[in-house]
Amino acid sequence: MLRLRVTPKARADRIGRVGQDADGNAYLKVAFTQAPEKAKANAAVIKLLAKEWGVAKSDLRVVSGEIGRDKVLEARNRDAAWAAEMAARVRKMDF
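The numbering of the sequence shown is the numbering used here, which starts it at -11 and goes up by one.
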């Protein structure tokens, strides 16, 4: 599971920095050009992250926050080694 804070209608699609909410939970900032229309925004997030991480779009799923800016993403069909690699990549990002 990965927490995201998304920004729709951005100038470019990009994965941003790691942030922290008021409760101390870390999240990954993701910006994309798609307007927040129905499921199109979630599809844009999944497409961007799948391409960046080299996984199939079908392996990623928004499990919480379907219509909000704060989302929880689940990576399916991935092993513990992949999860550790992704966690290491996220930790290397600037705060």
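All residues carry an ideal CB built from backbone N, CA and C; glycine is no exception.
Note that the coordinates shown come from a computational prediction; the quantities given were computed from them, not determined experimentally.
| Query | Result |
| --- | --- |
| Own chain, CB closer than 6 angstroms to Arg49, minus 5 neighbours either side, in chain order | Glu62 |
| Simplified DSSP assignment, three categories, for Arg77 | helix |
| Own chain residues within Cβ distance below 6 angstroms of Val43, not counting five before or after | none |
| Cut-off 7 angstroms between Cβ atoms - residues of its own chain near Glu54, not counting five sequence neighbours on either side | Asn30 |
| Alpha helix (DSSP H) segment containing Ala29, residue limits | Lys28 to Trp41 |
| Contact the stretch -9 to 3 vs the stretch 17 to 31: 3+ CB pairs below 8 angstroms | yes |
| Three-state secondary structure (DSSP) of Lys45 | helix |
| Member of Gly7, Asp67 and Pro24 whose CA lies at the smallest distance from the CA of Ala(-2) | Pro24 |
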